[in-house]
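What follows is one structure encoded as structure tokens, with my remarks underneath.
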Amino acid sequence: MQMNHVPQDGLSGLKENWRQDLNAGVLVSFLALPLCLGIASASQFPPITGIFTAIIGGIVVSFFAGSPLTIKGPAAGLIAIALASIESIGYERTLAVIFVASLLQIIFGVIKAGKYGNLFPVAVVHGILVAIGIIIFSKQIHLLLGVSPKGNKPFELLAEIPHSLAHARWEVAFIGIMGLFVIFYFPRVSNRFIKKIPAPMWVLLIAVPLSSMLGLREIVHDGKPIYLVHIPSSILEGILDLDKTKIGITFPDFSALVSWESGKYVLMFSLIGSIESLLIVKAMDNLDPFHRKSDMNKDLIAIGMGNAIASLVGALPMIAEIVRSTANITNGAKTRWANFFHGVALLVFILGLAKIIMLIPMTALAAMLIAIAYSLASPKEFIYIFRMGKKKSLVFLSTLLITLATDLLVGIIIGILTHIVLQFLHYVVRKYASSQR
């Protein structure tokens, strides 16, 4: 096929490109499976719900999305919000918040707010992403070491790292450290067969037998292994026994929606989710070998629809996810059908491999999330912003530090206010300077 031949959409696109899209979708599902479990666990959602979200994002949302090559699913960028929301208002009420936020996302798309995504200050966006990376790291490093920290705020958790190192369960930590080694060494591997399977899947292939060898299944509390992925029995029954009348899902609790706490998280889920998705869709358009331009507003509507469905079945919110979307393009995807096939493959996995999922050590998922945290908050991010000048650096640092000290919404507000004040001062100084000439 010629690179200048733009693939058709719909059933014509399926007929023309099904081999490439099927191959890309299945390969992306290998990457998605462990990441979805890890993101859900880090968000304090039942681990299997991360896969539910990706299945909805693939099988349902792909038909309505405005971007041809993005993969929809749970993302690390929403972990901090989901975690804070569950700790504040609980799991069922968080699902209700996500449902309302999804309606806002649909409204954003209908009123064509997608075009305003570019107006969001770049330094604020980077400050948010770096803060999310640090928050994820501060939580997951203790899980990797097999220790339960006492604190729950980022600065408290970072301060507890020496204590966790001193009291680490080293049979647990060994698996996590091995996982980190695999992920960070993987880019240097040149073997084509090994490269066909994503690094997170290799982590699982190594971690599951290691956990059995080191006896993690025998370390239990209330009859359940404390260092392995736990799938609540009702959800597992809902997956494995489709003849049961009881559906193994959790429904939203709308009883406390009219409150400041709920409203705060509605805003955070809708705004951060929408902004992240718009930025990622724009980035994927730049990687699209056929130079197609996505319909940002249509994509927001589709994501809102997906999040509404996800919230009603107890699952995480979704966005256009950058790691899986990049892998999708790299593996030769041509149309939206690759996202669909990725969702179908995940459905097959959980129907056939649910019992194996319960053998996955949590420390292995923590290793994957620490690697994601590093990509979000790497030194390159600081260098990139600091090279932009003092004003952007100040906006970046104010967003970052306030977010870590309070929460994402306050961090965003302070970051934007700092940006506005600095822009105003710059205007006043220039006006004064020109009047003196």
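Residues in the sequence shown are numbered from 1 upward in steps of one, following full-length UniProt numbering. For every residue, glycine included, the Cβ atom is placed at its ideal position computed from N, Cα and C. The structure displayed is predicted, hence computed values, not measured ones.
Option in the options with minimal Cα separation from residue i
i	options	result
Leu409	Val125, Thr53 and Met296	Val125
Gly10	Leu417, Pro68 and Gly38	Pro68
Met318	Glu276, Ala345 and Val344	Glu276
residue 446	Ile357, Phe52, Gly50 and Leu210	Residue numbering for the chain in the displayed model covers 1 to 437; residue 446 lies beyond these limits and cannot be assessed.
His426	Phe396, Lys392, Ala173 and Phe63	Lys392
Arg19	Leu394, Thr335, Ala377 and Thr418	Thr335
Thr399	Phe251, Ile416, His167 and Val229	Ile416
Ile413	Val100, Ala75, Phe120 and Lys112	Phe120
Ile71	Arg430, Leu404, Ser12 and Ala320	Ala320
Glu381	Lys196, Val97, Gly133 and Gly223	Gly133
Thr49	Ala82, Tyr374, Ala113 and Arg292	Ala82
Ala32	Ala168, Ile350 and Phe155	Ile350
Phe30	Ile79, Lys195, Ala96 and Ser102	Lys195
residue 471	Ala168, Ala373 and Leu422	Since the first residue of the chain shown is 1 and the last is 437, residue 471 is not available in this structure.
Ile402	Ile128, Leu143 and Asp299	Ile128
Lys115	Ala405, Ile383 and Leu300	Leu300
Gly122	His419, Ala207 and Ala256	Going by the sequence as given, residue 122 is Val instead of Gly. Per the Cα distances, His419.
Val97	Gly77, Lys293, Leu271 and Pro47	Leu271
Leu365	Ser62, Ser12, Ala76 and Phe52	Ala76
Leu35	Arg430, Val258, Asp222 and Trp202	Trp202
Phe45	Ser434, Ala315 and Asp407	Ala315
Tyr374	Val61, Leu180 and Asn152	Leu180
Val130	Ser88, Ser434 and Ala377	Ala377
Val313	Ser88, Phe251, Ala283 and Ser62	Phe251
residue 493	Ile177, Gly151, Phe155 and Ser262	The structure shown has nothing for residue 493, since the chain only spans 1 to 437.
Leu205	Tyr384, Gln436 and Pro361	Pro361
Close Cβ partners of residue i (< 8 Å) along its chain, the five nearest in sequence each way excluded
i	result
residue 500	Residue 500 lies beyond the residue range present for the chain, which begins at 1 and ends at 437; the question has no answer from this structure.
Asp243	The predicted position of Asp243 is uncertain, since its pLDDT is 45 and thus under 50; a value taken from the coordinates is nonetheless stated next. Same-chain partners within the cutoff: there are none.
Val26	Phe341, His342 and Ala345
Gly90	Asp253
Val110	Asn297 and Ile301
Ile357	Leu37, Pro47, Ile48, Val229, Ile231 and Ile350
Range of the contiguous alpha helix (DSSP H) that encloses residue i
i	result
Ala84	Ile79 to Ile89
Arg19	Gly10 to Ala42
Phe186	Unbroken run through Phe186: none, as it is neither H nor E.
Ser398	Lys390 to Ala405
Gly58	Pro47 to Ile59
Glu381	Pro379 to Phe386
Arg192	Arg192 to Lys196
His5	Where His5 is concerned, there is no enclosing alpha helix (DSSP H), given that its DSSP letter is neither H nor E.
Ala199	Ala199 to Met213
Ile161	Ile161 to Ala166
For residue i, the residue or residues it bridges with in DSSP
i	result
Gly73	Ile319
His426	Bridge partners of His426: none, in fact.
His221	Lys224
Pro361	Leu228
Cβ neighbours of residue i in the same chain (closer than 6 Å, five flanking residues each side left out)
i	result
Met1	Below a pLDDT of 50, predicted positions are generally treated as unreliable, and Met1, at 41, falls in that range; the measurement from the model is reported next regardless. If we look at Met1 and ignore the five residues flanking it on each side, it has no Cβ neighbours.
Ile56	Gly306, Ile309 and Ala310
Ile183	Ala199 and Ala371
Leu369	Gly38, Ala42, Ile136 and Gln140
Phe386	Ser393
Ile329	Leu69 and Leu287
Ile322	Ile280
Ala327	Val28 and Leu31
Arg169	Gly146
Neighbourhood of residue i by C-beta distance below 7 Å, restricted to the same chain and skipping five residues each side
i	result
Leu240	Any reading at Leu240 must be qualified, since the residue scores a pLDDT of 47, below 50, and its modelled position is unreliable; the value itself is stated next. So the list reads Ala354, once near-sequence residues are dropped.
Arg324	Val28, Leu31, Ala32, Ile71 and Gly73
Lys224	His230
Val6	Phe290 and Arg292
residue 456	Residue 456 lies beyond the range of the chain shown here (1 to 437); nothing can be said about it.
The ligand ADP heavy atom lying under 7 Å from the CB of residue i
i	result
Leu267	By its list of ligands, the structure shown contains no ligand whatsoever, and the ligand ADP lies outside what it can speak to.
Short CB-CB distance (under 8 Å) between residue i and chain C
i	result
Tyr427	Judged by its chain identifiers, the structure shown contains no chain C, having just a single protein chain.
| Fully enclosed by the stretch 277–331, which alpha helix (DSSP H) runs are 4 residues long or longer? | If one requires a minimum length of 4 residues, the alpha helix (DSSP H) runs lying completely within the stretch 277–331 are 296–312 and 322–330, in chain order.
| field | Whole alpha helix (DSSP H) elements within the stretch 77–157, 4-residue minimum | value | Complete alpha helix (DSSP H) runs here, min 4: 79–89, 91–110 and 122–145.
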